[in-house]
Structure formats: C-alpha cells, structure tokens
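Visitor: Protein chains in written order, with our numbering: chain A, 13 to 159; chain C, 13 to 159.
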DNA sequence: TTCTAAAAAGTAGTAATTACGATTTAAGAA
DNA sequence: TTCTTAAATCGTAATTACTACTTTTTAGAA
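Pasting the structure below:
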C-alpha cells in the first residue's frame with residue numbers, strides 16, 4: 013500500500029506535477045477502492061466533493077485525465093459509464109482483464125490470446141493494437157448467486 | 013443494397029414496427045455509411061436533423077435504440093463516443109472486428125480467439141461473454157500512409 | 001375512408017463534462 | 001524562513017449527449 017502511493021507520487025514528480033492535497037486524496041481513494049476493480053468517474057467526483065466540498069468538477073476530471081496519461085490509472089468505458097482503475101503495475105506490461113459483472117472485481121489474464129494465428133487472417137492490414145475483455149462472475153459472486 | 017434495406021424493413025414489420033419516412037431515411041443513411049464502419053450517434057443525429065429539421069432528438073435516439081434491440085445495428089463505445097454500425101448479417105453470428113484507426117473501416121474476423129485454453133485460466137469464474145477488437149490500418153490506409 | 005395504436009414533434013430538463021478568468025498554493029530559490 | 005512563480009484550483013457558467021413528457025400526426029389495418 014505504502015509502496016503504491018509512493019510509486020504514484022514518484023510518477024507525478026518525475027513528470028513535474030505537483031503533489032497537492034486534492035491529488036493525494038484522489039490517489040488514496042483510488043488505491044483504497046480501485047486497485048482491484050474499476051470505479052466509475054462520477055463516484056470519484058462524488059467522493060472528492062464530499063471530502064472537499066469546494067472542489068470543482070474541472071479539477072477532478074483534469075486530474076483523472078492526467079493520471080490516465082501518466083499510466084497511473086487505466087480507463088474503460090462500460091456501456092455508457094466511464095470508469096478508471098488504479099494501475100496494478102507501473103511497468104505497463106501488456107495484459108487483459110476478466111471483469112465480474114456483479115461486483116466489478118478485476119482479474120488479470122496471464123496469457124494474451126491474440127497472436128499471429130489471429131492477425132494473419134488480416135491480409136494487408138497493419139495491426140497496431142487490440143483489446144480483449146472477458147466478462148462473467150468472479151468465484152465469490154458465482155458461488156453466492158448459484159446457491 | 014436493395015436486399016439489405018428490405019431485410020431491415022422486414023425485421024421492423026415482423027416486430028410490429030411501422031415504416032415511417034424518418035425510419036426509412038435513417039436506414040438509408042446507415043446503409044450508405046454504416047455497413048462497413050461505425051458511425052457515431054451524434055453524426056446520425058446531425059444528418060437526420062438536416063434532412064428533417066423538425067425531427068426531435070428523442071425520435072432519433074429512440075430509433076437507434078430500437079434498431080439495436082432488433083439487431084439491425086450494432087452498438088459500440090469507442091473512447092467516449094457512442095457509435096453504431098449497420099449489421100453485416102442478421103443472424104447475429106458471433107464474430108469480432110478489426111477496426112481501421114484511420115478511416116474507421118471494419119473487417120470481420122473469421123475466427124474467435126477466445127476458447128477454453130483462455131477461459132480455463134479463470135479458475136472458479138463463470139464466464140458469460142467476452143469482447144475482442146483489433147486495431148490498426150486497413151490495407152488501403154496502410155498503403156497510403158507508408159509511401 | 002375511417003380508426004387507432006404507434007410514432008414523431010415540441011418543449012424542456014438532466015447528467016456528465018468542459019471552458020475560462022480569478023485566485024490560491026506547492027515547491028524550489030534566495 | 002520568506003519570496004517567487006508556474007502550476008493547480010476555484011467559481012461560475014456553458015456545452016454536449018441524451019431523456020421525459022405531453023400533444024399532434026401518421027402508418028397500416030378494417
């Protein structure tokens with residue numbers, strides 16, 4: 013826990029961003045709630061404005077965007093709700109997620125299923141990236157909802 | 013072309029939806045522009061209101077939703093823009109897409125890369141679905157941008 | 001041609017997000 | 001520690017995408 017917040021503030025400092033109390037509170041919130049699941053942006057907005065009633069939306073959304081640019085959080089759009097998740101690793105290792113439809117928990121996939129056997133179908137195309145997500149129920153929710 | 017519009021209107025009729033001139037115009041637009049690429053919802057809204065200046069947003073968005081429910085169009089959220097694409101096939105066969113980052117062209121993948129060898133990584137999870145998208149440059153754009 | 005349920009128009013409202021000038025503050029230098 | 005200044009935040013308002021609701025129109029059946 014201490015490691016992750018110092019890791020995140022280091023990224024900010026290294027890129028000449030200032031460590032404000034608002035940013036620190038946002039990181040605390042994201043680490044507490046968003047290391048293992050996606051948190052939607054509006055609930056970050058709500059939380060921050062409870063903590064700092066005078067905080068403007070602008071600041072919150074700007075910080076989220078900056079965190080995303082720096083790789084501190086990962087963005088996602090699910091249906092029509094934008095959400096972010098604190099980065100599990102700051103190395104930006106290529107990986108994909110399983111996402112629980114019930115509780116939002118995220119599990120990383122070990123292997124990436126997109127290899128040459130897939131991209132070779134695309135004759136003449138220049139493949140630059142891909143996205144994979146698997147949905148379902150995590151073990152806890154599966155157990156709970158099936159009994 | 014004629015086949016696709018009659019196919020779409022048949023779906024509407026079979027489900028007791030009326031063929032209004034607004035819906036027909038929307039289908040025309042979608043077939044003209046959206047059979048091979050995703051078109052964002054706001055540009056459908058803009059187009060429709062140029063064609064029918066009195067048309068209300070409500071009607072446009074409702075029709076898009078109904079078309080999506082009926083499988084006439086396929087929805088997607090890309091970054092922060094909602095978009096739809098006229099269905100290539102009305103059989104709802106499971107498939108994924110390659111999407112060109114330059115022109116937006118869509119190419120269907122023949123094979124789905126998500127099989128048991130992937131989902132078996134997720135011990136205890138109940139897998140209910142997945143999404144796969146591959147990004148890059150289509151053959152035309154790749155050629156054009158590399159010379 | 002008439003009838004009626006469904007669709008569209010018209011008007012307004014809401015939620016999420018962004019814009020921008022004024023003010024405050026973090027953090028390095030003196 | 002105080003000063004300085006660029007960066008960040010505040011405060012207010014605007015914008016964008018989308019939805020609600022009531023009235024009017026219309027497609028399609030009888």
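For each residue, glycine too, the CB sits at the ideal point set by N, CA and C.
Return yes when the Cβ of residue 17 of chain A is within less than 8 Å of the Cβ of residue 25 of chain A, no when it is not.
Guide: The sequence position of residue 25 of chain A within the first chain is 13, counting from 1. The sequence position of residue 17 of chain A within the first chain is 5, counting from 1. Against a cut-off of 8 Å, the Cβ pair of residue 17 of chain A and residue 25 of chain A comes out as no contact.
Visitor: Take residue 121 of chain A and list the residues in its own chain whose beta-carbon comes closer than 6 Å to its own, dropping the five residues that flank it on each side.
Guide: By one-based count along the first chain, residue 121 of chain A stands at place 109. So the qualifying residues of the chain are 108.
Visitor: Give the single residue among C:99, C:114, C:78 and C:40 whose Cα lies nearest to the Cα of residue 148 of chain C.
Guide: Residue numbering aside, residue 148 of chain C sits at position 136 when the second chain is read from its first letter. Of the listed residues, the one whose Cα sits closest to residue 148 of chain C is C:114.
Visitor: Run through DSSP, which three-state label would residue 165 of chain A get?
Guide: In the structure displayed, chain A extends from 13 to 159; residue 165 of chain A sits before or after that span and is not available.
Visitor: Which class does residue 108 of chain A belong to by DSSP, given the choice of helix, strand or coil?
Guide: The count along the first chain starts at 1 and reaches residue 108 of chain A at position 96. Note: residue 108 of chain A maps to coil in three-state DSSP.
Visitor: Rounded to a whole number of angstroms, what is the C-alpha to C-alpha distance between residue 77 of chain A and residue 84 of chain A?
Guide: Locating residue 77 of chain A in the first chain gives position 65, counting from the first residue. Locating residue 84 of chain A in the first chain gives position 72, counting from the first residue. One C-alpha to the other measures close to 10 Å.
Visitor: Tell me residue 52 of chain A's beta-bridge partners as DSSP assigns them.
Guide: As a first step, residue 52 of chain A must be located in the first chain, where it is residue number 40. For residue 52 of chain A, which the question treats as bridged, DSSP gives the partners A:95.
Visitor: Bridge partners for residue 141 of chain C per DSSP, in chain order?
Guide: Residue numbering aside, residue 141 of chain C sits at position 129 when the second chain is read from its first letter. Paired residues: A:147.
Visitor: Return the chain-ordered list of same chain residues with a C-beta closer than 6 Å to the C-beta of residue 126 of chain C, the five sequence neighbours on each side being excluded.
Guide: Walking along the second chain from the start, residue 126 of chain C turns up at place 114. So the qualifying residues of the chain are 142.
Visitor: Mind checking residue 124 of chain C: buried by the 16 CB within 10 Å criterion, or exposed?
Guide: The residue given as residue 124 of chain C occupies position 112 in the second chain. So residue 124 of chain C counts as exposed.
Visitor: Rounded to whole angstroms, what is the Cα-Cα separation between residue 13 of chain C and residue 43 of chain C?
Guide: Indexing the second chain from 1 puts residue 13 of chain C at position 1. Indexing the second chain from 1 puts residue 43 of chain C at position 31. In this prediction, residue 13 of chain C has a pLDDT of 49, which is less than 50 and means its spatial position is unreliable; what the coordinates show is noted afterwards. If I take the Cα positions, the gap works out to 8 Å.
Visitor: In three-state DSSP terms, what is residue 133 of chain C?
Guide: Within the second chain, residue 133 of chain C is the residue found at index 121, counting from 1. Collapsing the DSSP output to three states places residue 133 of chain C in coil.
Visitor: Using 10 angstroms around the beta-carbon of residue 75 of chain C, count the other beta-carbons present and answer buried if the total reaches 16, otherwise exposed.
Guide: Here residue 75 of chain C refers to the residue found at position 63 of the second chain. So residue 75 of chain C counts as buried.
Visitor: At least one CB of chain A closer than 8 Å to the CB of residue 156 of chain C: is that the case?
Guide: The count along the second chain starts at 1 and reaches residue 156 of chain C at position 144. Residue 156 of chain C does not count as touching chain A.
Visitor: Give me whichever residues DSSP pairs with residue 74 of chain C in a beta bridge.
Guide: In the second chain, residue 74 of chain C corresponds to position 62, counting from 1. Per DSSP, none; premise fails for residue 74 of chain C.
Visitor: With a threshold of 7 Å, establish whether the CB of residue 119 of chain A neighbours any heavy atom of the ligand ATP.
Guide: As for the ligand ATP, it is missing from this structure, which has no ligand bound.
Visitor: Can a CB atom of chain C be found closer than 8 Å to the CB of residue 142 of chain A?
Guide: In the first chain, residue 142 of chain A corresponds to position 130, counting from 1. So, interface residue.
Visitor: Taking a Cβ distance cut-off of 9 Å, strictly less, list which residues of the stretch 82–93 of chain C are near chain A, in chain order.
Guide: 89, 90, 91 and 92
Visitor: Assuming residue 79 of chain C contacts residue 59 of chain C under a Cβ cut-off of 8 Å, what Cβ separation, rounded to an integer in Å, is found between them?
Guide: Taking the second chain and counting its residues from 1, one reaches residue 79 of chain C at position 67. Taking the second chain and counting its residues from 1, one reaches residue 59 of chain C at position 47. About 15 Å separates the two Cβ atoms, so there is no contact after all.
Visitor: Residues bridged to residue 86 of chain C by DSSP?
Guide: Looking up residue 86 of chain C in the second chain gives position 74. BP columns for residue 86 of chain C point to C:97.
Visitor: If you drop the 5 nearest sequence neighbours on each side, which residues of the same chain put their C-beta closer than 8 Å to that of residue 106 of chain C?
Guide: Here residue 106 of chain C corresponds to residue number 94 of the second chain, with the count starting at 1. The residues are 124.
Visitor: How many Å lie between residue 154 of chain A and residue 135 of chain C at the Cα?
Guide: For the purposes of this step, residue 154 of chain A is identified with residue 142 of the first chain, where counting begins at 1. For the purposes of this step, residue 135 of chain C is identified with residue 123 of the second chain, where counting begins at 1. The straight-line gap from Cα to Cα measures roughly 11 Å.
Visitor: Count the other C-beta atoms from every protein chain shown that fall within 10 angstroms of the C-beta of residue 144 of chain A, then say buried if there are 16 or more, exposed otherwise.
Guide: Residue mapping note: residue 144 of chain A aligns to position 132 of the first chain, counting from 1. The residue in question, residue 144 of chain A, is buried, as its Cβ has 16 or more Cβ neighbours within 10 Å.
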